[in-house]
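Numbers -3 to 151, taken from the working numbering, label the letters of the sequence shown in order. Shown next, in structure tokens, is the structure this report addresses.
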Amino acid sequence: MNCSECKRKITDDNYFIVDDLPVCYECFYGQIEPLAIYPIGKVSQVNPDGISRIDLFPYQCKFMYKLEEEEWISIIYYLHQTYHIRTIFNRGRGGIGKEVGVFASRTPHRTSRIAVSNVELVKISDTHIYVKGLDAFEGSPVLDIKAAKKKEKVF
């Protein structure tokens, strides 16, 4: 298989599918090497009532001091079930709406696969964090948690 941009042969798994075409990491990232980012936990339960449970790894409890005092928190997570990238989207339900690029949308088909959701903190039990409004799949790796000001719109 050849890269659709530079036409070089792709010999390993270091490529993305963008608009149904293979693009090598070098064309996608330039000369910068991809970063190693490690999760601190995962989304373990997504319920129909809008309450989700995040399970942090045991060592992370040291970093949770006074987290329960926050009303809103930002969850930074990895879109682990997204495989293809699109450059243009119709913003709106059912593909009806304004045509925009990936950076002007909330699509999960992103170039970095990193997502952010501002959520309401419901409760904390040990290293289990219960939140309302998380837009993530069960099993999504959680990369970071930050205090947030009220419900801010996050893209």
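Note that beta-carbon positions come from the ideal geometry of N, C-alpha and C, so glycine has one too.
Host beta strand (DSSP E) of residue i (start-end)
i	result
E95	94 to 97
V126	Reading off the sequence shown, one finds Tyr at residue 126, where the question assumed Val. Run containing Y126: 124 to 128, per the beta strand (DSSP E) assignment.
F24	First-last for F24: 21 to 25, but that is the alpha helix (DSSP H), not the beta strand (DSSP E).
R87	84 to 87
Distance CB(residue i)-CB(residue j) smaller than 8 Å
i	j	result
K58	P137	no
G97	V115	no
P18	I28	no
Closest Cα partner of residue i within the set the options
i	options	result
F85	I71, I69, Y73, R106	R106
K3	E66, C20, D122	C20
E66	N(-2), D131, I125	I125
Y79	D15, M(-3), P35	D15
Assigned secondary structure, residue i (DSSP; H/G/I helix, E/B strand, else coil)
i	result
E134	coil
K155	Given a span of -3 to 151 for the chain in the structure shown, any question on residue 155 remains unanswerable.
R4	coil
E64	helix
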